[in-house]
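There are 2 protein chains.
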Amino acid sequence: MSAANEEETRTDTDGVAVDFGDSGLVPAVAQDAETGEVLMLAYADREALERTRETGRAHYHSRSRDELWEKGATSGHTQSVEEVRVDCDADALLYVVDQTGGACHTGHRSCFHRTVDGDEVGERVFDPDAVYE
Amino acid sequence: MSAANEEETRTDTDGVAVDFGDSGLVPAVAQDAETGEVLMLAYADREALERTRETGRAHYHSRSRDELWEKGATSGHTQSVEEVRVDCDADALLYVVDQTGGACHTGHRSCFHRTVDGDEVGERVFDPDAVYE
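Listed in order, the protein sequences are those of chains S and G.
Numbering-wise, numbering that gives the first Met the number 0 puts 5 at position 6 of the first sequence, and it's gapless, one number per residue.
Numbering-wise, numbering that gives the first Met the number 0 puts 117 at position 118 of the second sequence, and it's gapless, one number per residue.
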């Protein structure tokens with residue numbers, strides 16, 4: 000099958016055709032399946048989404064390292080993906096996950112652990128110095 | 000106060016210094032304050048964030064129209080903002096909101112009303128034909 004045909008039939012064979020746009024990336028929000036807490040926002044490219052769907056473990060594309068990033072590969076704080084949702088414009092993803100440990104490299108359960116006023120509102124669940132060398 | 004000084008003191012006077020990057024935009028996730036449901040993902044620039052904080056009503060920057068967008072200004076489906084959170088890298092926002100009606104122009108409560116497999120999982124709460132002319 001040619002690449003063009005594969006693209007055309009993606010909706011039928013693979014569900015919703017995600018619009019990765021010019022950058023090749025879409026924002027992907029991770030939400031705790033049990034508590035509903037929004038854990039983090041990162042970016043996914045087509046490869047990261049495919050790996051997520053294939054493995055059931057959350058994958059993103061690291062913009063700073065420009066590479067595929069399996070969440071928790073270093074820290075052990077993996078995300079088991081229960082469901083991947085796509086928004087109405089098909090240009091944003093929602094990973095509904097079971098989070099092991101904390102999502103944030105700061106040791107917090109959620110990366111959204113501060114208000115924009117600077118108040119700490121999130122729970123700290125691990126010591127980052129003990130996890131990241 | 001000069002613009003430069005204002006920028007330097009922003010962290011002290013206005014809380015966390017949000018990193019709007021080269022594009023001037025950050026993704027902003029809206030979450031239902033009561034149910035925890037992730038309602039939508041849009042983008043905010045500095046003006047939209049300031050207007051949100053000033054008014055307590057969710058504002059975004061429409062990329063398609065390239066203008067400030069008060070959510071619900073047309074549909075009446077406004078978002079009253081209880082809290083604005085910022086993530087660890089200060090380049091993504093979380094609006095915790097009381098949503099009137101539905102967030103999605105399709106009539107669904109949430110824009111994330113489909114799985115990436117194409118299954119409908121979201122609740123439809125209004126008829127878009129009756130809301131948008």
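Cβ atoms here follow ideal geometry from the backbone N, Cα and C, with glycine treated the same way.
key: Residue environment, S/Y131, which counts as buried when at least 16 other CB atoms sit within 10 Å   = exposed
message = If you follow the beta strand (DSSP E) that G/A41 is in, where does it begin and where does it stop?
response = V37 to A43
key: alpha helix (DSSP H) segment containing G/A129, residue limits   = P127 to V130
ask   = Under the rule that 16 or more other beta-carbon atoms within 10 Å means buried, what is S/S22, buried or exposed?
value = exposed
key: Listed by chain order, chain S residues near G/V17 by CB distance under 8 Å   = V115
ask   = So what does DSSP say about G/A72, is it helix, strand or coil?
value = coil
Residue-level contact to chain G via CB, S/T73, 8 Å cutoff = no
Environment of S/T44 [buried if 16+ CB atoms lie within 10 Å] = First, the amino acid is wrong: residue 44 of chain S is Asp here, not Thr. Classification of S/D44: buried, given that the 10 Å Cβ count is 16 or more.
ask   = Under three-state DSSP, which class holds S/A32?
value = coil
message = Within 8 Å of any Cβ in chain S, is that where the Cβ of G/T105 sits?
response = yes
query = Can you name the residues of chain S whose CB is closer than 7 Å to the CB of G/A91?
reply = L40
key: Anticipated Cβ contact below 8 Å, G/V25 with G/V17, distance rounded   = 6 Å
inquiry  = Run through chain S and tell me which residues come within less than 7 Å of G/Q30, C-beta to C-beta.
reply    = V37
key: Of the listed residues S/G55, S/G101 and S/D116, nearest to S/D126 (C-alpha basis)   = S/G101
key: Assumed close pair G/F111, S/D86 - CB separation to whole angstroms, cut-off 8 Å   = 5 Å
task = Rounded to whole angstroms, what's the CA-CA distance from S/E122 to S/H107? Just pull it up for me.
result = 6 Å
inquiry  = In the DSSP output, which residue or residues are listed as bridge partners for G/D97?
reply    = G/S79
key: Whole-angstrom distance between G/G75 and S/L93, CA atom to CA atom   = 25 Å
request  = Can you give me the start and stop residues for the beta strand (DSSP E) that S/S61 sits inside?
outcome  = H58 to S61
query = Do the CB positions of G/V80 and G/T34 come within less than 8 Å of each other?
reply = no
key: Cβ-based neighbour list, G/T77, same chain, cut-off 7 Å, excluding 5 preceding and 5 following   = R56, K70, G71 and T99
query = Taking the C-alpha atoms as reference points, what is the distance between G/A47 and G/V120?
reply = 30 Å
key: Separation of G/V15 from S/S61, as counted between CA atoms   = 23 Å
ask   = Rounded to the nearest angstrom, how far is the Cβ of S/G20 from that of S/D65, given a contact under 8 Å?
value = Not really, about 17 Å apart at Cβ, beyond 8 Å.
ask   = Given that a residue counts as buried once 16 or more other Cβ atoms are within 10 Å of its Cβ, and exposed if not, what is S/A41?
value = buried
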